[in-house]
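Heads up: the structure comes next, in structure tokens.
In UniProt numbering, the protein residues as written are 1 to 303.
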């Protein structure tokens, strides 16, 4: 059986009084009378059976009980407010979704397609959170994530979006200055662009074609795919990049596809979320749209 908790208005009054340490100033900030704010604080003190403030000539001084309440209360009120907003948003078939996504996927794939998402689901509120490694669902407020890897996420549901095909690319200017590789083995003579979290991409690509890879130290290294894309466009070298991240650049002829794209591993892009969040309106809405969008793009690519 739950406790008979204090009113939200009393807790909000406590927040303001604690911040300002003055009843009159708190009353002005809350657009209430000084008497109303005093009664709310007295009601809280009666509930906790101890004073929250010491009344001194210089003003109000928080007690140990008030300090404890202050450290725990604001996050709880923020979470409650978030729940209320999410339930309100769900009335229009939308919901709220806090989505973790790595930067290049966000900028190169997801963000350009957000107009399609909002056109189909105007009631959805999507908050993007950048993640560079694994998605942390513990106490972060994250509802779902888009990741690259293999299934094996404890207590999570996952939905496969697409495999990853890698394509060697460089800028037209790079070819003008250095010439185009005559064959795959010829790539070893050029400056190669590496992405640090996929440091084995080039070695694995060469190994798959029976070619001895040059030392990694000879190339340039970038933390993000987006950095490697920009480096390739700037003519700094040849990148081995996910085809989905450079499709627009190839279409605009900002990058040149040197050899056909190839799938390098059985890892893929997945939408994942904790099983406990599978019923959230935001998760349901976004999942349906995302899977449908990937299916449409696969069908268009096959035509």
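No residue lacks a Cβ here, since even glycine has one placed at the ideal position from N, Cα and C.
| query | Got a sec, what are the start and stop residues for the alpha helix (DSSP H) residue 248 sits in? | reply | Per DSSP, residue 248 belongs to the alpha helix (DSSP H) from 243-251.
| task | Determine which residues share a DSSP beta bridge with residue 256 and list them. | result | 170
| said: Checking the sheet assignment: what are the DSSP bridge partners for residue 101? | reply: 130, 146
| query | What three-state label does DSSP hand residue 95 in the structure shown? | reply | strand
| said: Taking 6 Å as the limit between beta carbons, can you name the residues of its chain near residue 174, skipping five residues before and five after? | reply: 235
| request: Taking all protein chains shown into account, decide if residue 100 is buried (16 or more other Cβ within 10 angstroms of its Cβ) or exposed. | output: buried
| said: Below 8 Å on the Cβ atoms is my contact criterion, and I expect residue 191 with residue 238 to pass it. Report the Cβ-Cβ distance as a whole number of Å. | reply: So it is a contact: roughly 7 Å between Cβ atoms.
| message | If the criterion is Cβ atoms closer than 7 Å, does the pair residue 73 and residue 63 meet it? | response | no
| task | Assign residue 285 to buried or exposed, taking buried as 16 or more other Cβ atoms, counted over all protein chains shown, within 10 Å of its Cβ. | result | buried
| task | Go ahead and pull the three-state DSSP assignment for residue 276. | result | helix
| Which value, in whole angstroms, describes the spacing of the CA atoms of residue 198 and residue 218? | Taking the Cα positions, residue 198 is about 16 Å away from residue 218.
| What is the rounded straight-line gap between the Cα of residue 133 and the Cα of residue 102? | 8 Å
| task | Would you list, in sequence order, the uninterrupted alpha helix (DSSP H) runs of no fewer than 4 residues that lie entirely inside the UniProt domain "HTH lysR-type" (6-63)? | result | 8-20, 23-30, 34-48
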